[in-house]
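Accompanying notes for the structure given below.
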Amino acid sequence: MIKAVRGTRDLLPPDTALWNHVESIVRDVFRAYNFQEIRTPIFEKTELFARGVGEETDIVSKEMYTWDDRARAESEKGQSLTLRPENTAGVVRAYIEHQLWDRGLQKLYYIGPQFRRERPSKGRFRQFYQIGAEVIGPTNAGGESPARDAEILEMLATLLDRVGIKDWALLLNSVGCPADRARFNEALRKALEPVAPNMCADCQRRAVTNPMRVFDCKEPADQAIIATLPRISQFLDEGCKKHFEEVQAILSAVGVPFTLDDSLVRGLDYYTRTAFEFTQGTLGEQKAILGGGRYDGLSEALGGPAAPGIGFAIGEDRLVMSLAETADSVLRKPDAYIAPLGAGMNREAARLARELRRHDRVIELGDEAFKLKKSFEAASKLGARNVLPFGENEVNSGMITVKNQQTGEQVSVPRAELAAWLKPGR
Ligand code: HAM
1 MIKAVRGTRD LLPPDTALWN HVESIVRDVF RAYNFQEIRT PIFEKTELFA RGVGEETDIV
61 SKEMYTWDDR ARAESEKGQS LTLRPENTAG VVRAYIEHQL WDRGLQKLYY IGPQFRRERP
121 SKGRFRQFYQ IGAEVIGPTN AGGESPARDA EILEMLATLL DRVGIKDWAL LLNSVGCPAD
181 RARFNEALRK ALEPVAPNMC ADCQRRAVTN PMRVFDCKEP ADQAIIATLP RISQFLDEGC
241 KKHFEEVQAI LSAVGVPFTL DDSLVRGLDY YTRTAFEFTQ GTLGEQKAIL GGGRYDGLSE
301 ALGGPAAPGI GFAIGEDRLV MSLAETADSV LRKPDAYIAP LGAGMNREAA RLARELRRHD
361 RVIELGDEAF KLKKSFEAAS KLGARNVLPF GENEVNSGMI TVKNQQTGEQ VSVPRAELAA
421 WLKPGR
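First residue of the sequence shown? That's 1 in the numbering used here, and the numbers climb one at a time after it.
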């Protein structure tokens, strides 16, 4: 038997109803904040992620699904391609490619699969789904304003509340600008020199190539050393400090609680200034339900114009996992099951179903080959609220028998009033 690839999974009904429910709330929230959807390809040139996310990150150095795509014609070149491990680099590539700066500040969102070759565990998959957003634009369009950071964070608080996530916590930090980080990395390099030999192989390498990435280390034995290292908060310049203070002031003004965490540096190299994660207790080890931050230099790193931006991505798998809600509570069950009675009734039943579905009723259609008992059994398996035994009598009289499955009550309803009668919650 051929099974799904390790770290991937099928989403089946009724769970898919819960996913759709979450996505529809999320789209409503995005609409209220005037975000619009963008869809970028699920694979890109490998170089995009190497330059965008950073060669030294775990994502790029260990976790990408990359292959050599052979040329199919003389006119084509072979190239290295990669399944997207995240969507920010792709969105910024599209921003540059389509010169979106001409349209002012861009507020874009996406929902879709991402791919990372991580060790699968609870809440960690190799194909997972992100709901993300990016606000990006020229400085004179407000792309750099701390108001945008605060707006994104306030929107996330609203979004998590609306979806029904309980007990989320917002962890907030500033990772400064490139000059701050250069000084921070220098200090880290010095601090790491004497202790790195006692750390894991990854950290020994990071200590030389990109010391800040030491903070990504998950090795329990290394954590005591990491706790003694200098923090980025000691290296912020005046501009970054002011920006960060303004973000916090707006958050306090709108009543969004947050916790400062100066060990939060995020696992991607493009971040500048504001960096954040939202966590949720029930997720256990993988408790980051979402992460994001500002990336003021990313567009330029990818060959575009200056275009400061900020964004986030929610792990949709984790979001759904930490919902108290069950799929059953959001699944809309059929309003009626039509049971055609006798030869030739399938076509009459199909007409009735069409009428009712046009009024947005959820209708399940049986089969004239079924005995009435079998129809009732099928209806109850589906959780249909009503059964409509439908034979020649009903067709000729225009009066439809409706048997309520919860109360057992049976009534006769004029065909013209049937859709209204079947309205959920009537
Ligand atoms: P990230 O922190 O790498 O950021 O991923 C964001 C979220 O995706 C995580 O908090 C987690 O919930 C989810 N996630 C990541 N890896 C997995 C996995 N293997 N299985 C399940 N869920 C996972 C980014 O991807 C950035 N692009 C976010 C961003 C947008 N920053 C600015 N704009």
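Beta carbons: idealized from backbone N, C-alpha and C, even for Gly.
### Query
Which first and last residues belong to the beta strand (DSSP E) in which K403 is found?
M399 to N404
### Query
By the 10 Å Cβ neighbour count, where 16 or more other Cβ atoms means buried, how is W101 classified, buried or exposed?
buried
### V60: first and last residue of the uninterrupted alpha helix (DSSP H) it sits in
D58 to K62
### Query
Can we say the stretch 279-296 touches the stretch 61-77, given the rule of at least three CB pairs closer than 8 Å?
no
### Task
For I111, name the three-state secondary structure that DSSP assigns.
strand
### Task
Can you have a look at R126 and say buried or exposed, based on whether 16 or more other CB atoms are within 10 angstroms of its CB?
Per the 10 Å Cβ criterion, buried.
### Message
I'd like the span of the beta strand (DSSP E) that includes I136, first residue to last.
### Response
Q127 to I136
#### Entry: C-beta atoms of V265 and V175 nearer than 7 Å
yes
### Task
Kindly list the residues whose CB is nearer than 8 Å to the CB of D180, restricted to its own chain and excluding five residues on each side of it in sequence; keep chain order.
I232, F235, L236, D237 and C240
### Any non-hydrogen atom of ligand 1 within 6 Å of G90 CB
no
### Task
Could you tell me how far apart the beta carbons of V163 and L192 are, in whole angstroms, since I believe they sit closer than 8 Å?
41 Å between Cβ atoms; not a contact.
### Task
With a threshold of 6 Å, establish whether the CB of F125 neighbours any heavy atom of ligand 2.
The model on display carries ligand 1 but not ligand 2.
### Task
Please state whether DSSP places P220 in a helix, a strand or coil.
helix
### Task
Using 10 angstroms around the beta-carbon of I2, count the other beta-carbons present and answer buried if the total reaches 16, otherwise exposed.
exposed
### Whole-angstrom distance between T407 and E394, CA atom to CA atom
Spanning the alpha carbons of E394 and T407 requires a straight line of approximately 22 Å.
### Query
Nearest-angstrom Cα distance between G143 and L105?
6 Å
### Message
Measuring straight from C-alpha to C-alpha, what distance separates K107 and D216?
### Response
29 Å
### Message
Taking 8 Å as the limit between beta carbons, can you name the residues of its chain near K45, skipping five residues before and five after?
### Response
Q79, S80, L81 and T82
### Task
Ignoring anything shorter than 3 residues or poking outside the stretch 324-411, list the beta strand (DSSP E) runs there in chain order.
Complete beta strand (DSSP E) runs here, min 3: 336-340, 363-365, 386-390 and 399-404.
### Own chain residues within Cβ distance below 6 Å of V254, not counting five before or after
E154
### Task
Using three-state DSSP, classify T209 as helix, strand or coil.
helix
### One or two residues paired with P414 in a DSSP bridge
M399
### Task
Flag A4 as yes when its Cβ comes closer than 6 Å to any non-hydrogen atom of ligand 1, and as no otherwise.
no
### Task
Using a threshold of 7 Å, state whether the C-beta atoms of V411 and N386 are closer than that.
no
### Task
Provide the residue span of the alpha helix (DSSP H) that contains F30, from first to last.
D15 to A32
### Message
For F244, report the span of its alpha helix (DSSP H) as first-last.
### Response
It spans E238 to V254 - the alpha helix (DSSP H) in which F244 sits, taken as one unbroken run.
### Message
Only counting the same chain, and skipping five residues up and downstream in sequence, which positions put a Cβ closer than 7 Å to that of D58?
### Response
Closer than 7 Å at Cβ, skipping near neighbours: D216 and G267.
### Query
What's the C-alpha gap between T272 and W67?
Their backbone Cα atoms lie some 31 Å apart in a straight line.
### Query
Measuring CB to CB, does S322 end up less than 7 Å from T282?
yes
### Query
Skipping 5 residues on each side, what residues in its chain have a beta carbon closer than 6 Å to that of G344?
none
### Message
For A150 and G366, what's the separation of their Cα atoms in angstroms?
### Response
Whole-angstrom Cα-Cα distance: 53 Å.
### Query
With a cut-off of 8 Å, do at least 3 Cβ pairs link the stretch 332-347 to the stretch 309-323?
no
### Message
Here's the rule: buried if 16 or more other CB atoms are within 10 angstroms of the residue's CB, otherwise exposed. What is P211?
### Response
buried
### Message
So A17 and L388 are supposed to be a Cβ contact under 8 Å. How far apart are they, rounded?
### Response
At roughly 24 Å, the Cβ-Cβ gap does not stay under 8 Å, so A17 and L388 are not in contact.
### Query
Taking the Cβ atom as the reference point for each residue, do G297 and A275 lie within a distance shorter than 7 Å?
It is not a contact, given that the beta carbons lie outside the stated cut-off.
### Query
Using CA coordinates, which residue listed in K373, P138, A384 and Y109 is at the minimum distance from A313?
Y109
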